[in-house]
Structures are given as C-alpha cells and as structure tokens.
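In what follows, a single structure is set out as structure tokens and then discussed.
In the working numbering, the protein residues as written are 30 to 317.
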C-alpha cells in the first residue's frame, strides 16, 4: 500500500533536457499541425524558419520519468495508475530550441477510500537553463486505483477544488480536428514510448482492439484547436490550459472541439469524437 508520508515528500532531482528545432517540429506533427503543408500559419510550428511552439509541449519536457515504478519503497501500485488530468501554465513563451530544467514534486494525495483508489497531484516547474527564466508550471493528476484506504493509518490531503462544469449553452466555437492514423507513432517520439501506443499485440493484451493515442496527445490536439480557432494561430496568446482525460482516442479519429468564451479572457472547452460520439476531454479550461 502507498506510504503517504514518503510519497508526499517525493521530489525529483533537477532534470536537464536539451531539445532542438527538430524536437519542437516532431511534437507539432504529433498533435496534428502540418496536416495542410501549404497553410502558412501551421508552417510556423513545423518549419524551422521563425519556428514557434505549442504551449502544451511544456508537459513533455524535462520529465522525471516513471518514478512511481522505480521507487518501490513508496508502495504505489503503478500497474493501476491512470493519467486523469493535465494542466499547463505558461509564464514566458516556450523557446523552439533550448536547454530546460524540470523540477517535479508531489503536492497532494487524496484518499478516496478503501477500494476506491487515491488521487495524486504532481507539479513540475520548467526553467530556462541559460538564464533561469521560469517558463512553465504543469500539473499532472493521477488516479491511483489500487491505493485507496491509506488514511486509516494516518495521512491524506483535502481534495482539490472541483473543476467547473462545462456550460450548457451553445458553444462559441466548434472545430473538427482529424488525427493522423500514425499519430501515436509520431507522438511517442516526444518521449512516451509505452508500447500501448505502438504495439497491436500489447494493446490487445491491455483490452484495446488497437493501439491508442496518448492522453497528452489528445490534450495537445485540443490546444492546437484553441490556438487555431481563438488565438489566430498565435500561441503566445494562450497562457494556460487544463482538462480531464476521460476516454481514449484511437489514431485516425476526429476530435470535435467545442469551446465557450467566458469573462476575463477565460475559455471553457470539451472534446468529443465524431466517429463514436464519446467525450474524451471534459472540464476544459483555458486562459487567454
């Protein structure tokens, strides 16, 4: 069973990550940019001339790796771990090529009860190694399905503030974003090489008819849609984005992004699959 005190105190060493224009382009291709190679706006993300980056790339830079598996003394049942939510907040534009330093730490662990699992929040700060500039703060929320009930032995944090519900009114933006059939093979080159996203036999053993798209790739596709539909393809206008990853996507499916303008430059959004009418991103919020 999870050791609350040890896990709550966990923080990573500094993770230095040097990336190039090629890495930024690969990330952009993996989340659907460049589908129209003659679109000058998309070329800003997929061609090294005047290259810019999508904000959600901050989520894949300077990752601490699969530390839950490597730190067995923490007692986390990593075989039952599910990535539930993700956020990215930009403090400065993400360079197209740089060396960055990531520092991750556990900020909250909530016991849902025996047999109901736990929820763990992991924060990462990303700084530019050249000048110490804070570039981004990300949060990953993980559902630990096998680790509920630990608070009976003491410990446990209060739940986070619930995410606001999606508006019931008609959306201000509806945008269909097709994913490439090879999207998972492209996206895994940005760091997540789990065979679930590449190996059909492995995916079948996990209960899927074929490899699924990474949840962070779906998150990135939604970010692309917001930057395209509400920011005029200027990524510097998008300051923050958050969503719950509610269901898997298969490469080749189409994400229908629905977004609402709120007060103060805030946005609400969700993502549904056109082909299966399944909601795959919920409780989406962004800030312009």
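C-beta atoms are modelled at their ideal positions from N, C-alpha and C, and glycine is treated no differently. What you are looking at is a predicted structure, and each value in this text was computed from that prediction instead of being measured.
Thinking C-alpha only, which one of the options is nearest residue i?
i, options, result
"residue 81", "30, 55, 65", "55"
"residue 183", "216, 206, 199, 142", "142"
"residue 266", "216, 128, 253", "253"
"residue 165", "283, 69, 155", "155"
"residue 188", "194, 170, 203, 202", "170"
"residue 317", "223, 234, 255, 217", "255"
"residue 132", "203, 103, 44", "44"
"residue 197", "287, 76, 220, 257", "287"
"residue 60", "281, 315, 78, 249", "249"
"residue 290", "272, 314, 64, 129", "314"
"residue 243", "41, 271, 96, 213", "213"
"residue 240", "226, 251, 247", "226"
Who are residue i's beta bridge partners in DSSP?
i, result
"residue 265", "The partner list for residue 265 (beta bridge, DSSP) is empty, contrary to what the question assumes."
"residue 207", "283"
"residue 153", "133, 167"
"residue 21", "As displayed, the chain neither begins before 30 nor continues past 317, which places residue 21 out of reach and without an answer."
"residue 118", "166, 269"
"residue 46", "129"
"residue 72", "Answer is none; residue 72 lacks a bridge partner."
"residue 146", "142"
"residue 301", "285, 308"
"residue 290", "296"
"residue 12", "A query on residue 12 cannot be resolved here, the shown segment of the chain reaching from 30 to 317 and no further."
"residue 24", "The question about residue 24 has no answer here: the residues shown for the chain are numbered 30 through 317."
Distance check for residue j and residue i, CA to CA, integer angstroms please.
i, j, result
"residue 295", "residue 230", "42 Å"
"residue 299", "residue 260", "17 Å"
"residue 112", "residue 206", "22 Å"
"residue 139", "residue 310", "22 Å"
"residue 119", "residue 277", "26 Å"
"residue 52", "residue 135", "27 Å"
"residue 66", "residue 72", "7 Å"
"residue 234", "residue 292", "46 Å"
"residue 193", "residue 163", "28 Å"
"residue 101", "residue 110", "14 Å"
"residue 58", "residue 180", "44 Å"
"residue 50", "residue 271", "25 Å"
"residue 147", "residue 70", "42 Å"
"residue 47", "residue 262", "26 Å"
Leaving out five residues before and five after residue i in sequence, what residues of the same chain have Cβ atoms less than 6 Å from its Cβ?
i, result
"residue 245", "88"
"residue 32", "103, 104"
"residue 153", "131, 133, 167"
"residue 258", "202, 204"
"residue 268", "119, 316"
If we define contact as Cβ-Cβ less than 8 Å, is residue i a contact residue for chain D?
i, result
"residue 130", "You won't find chain D in this structure, because it holds only one protein chain."
Counting only the same chain and skipping the five closest in sequence on each side, list residues whose C-beta sits under 8 Å from that of residue i.
i, result
"residue 283", "205, 206, 207, 208, 302, 303, 304"
"residue 108", "175"
"residue 275", "308, 309, 310, 311"
"residue 34", "184"
- Message: Could you tell me which whole alpha helix (DSSP H) segments of length 4 or greater appear in the region 75 to 114?
- Response: 96 to 99
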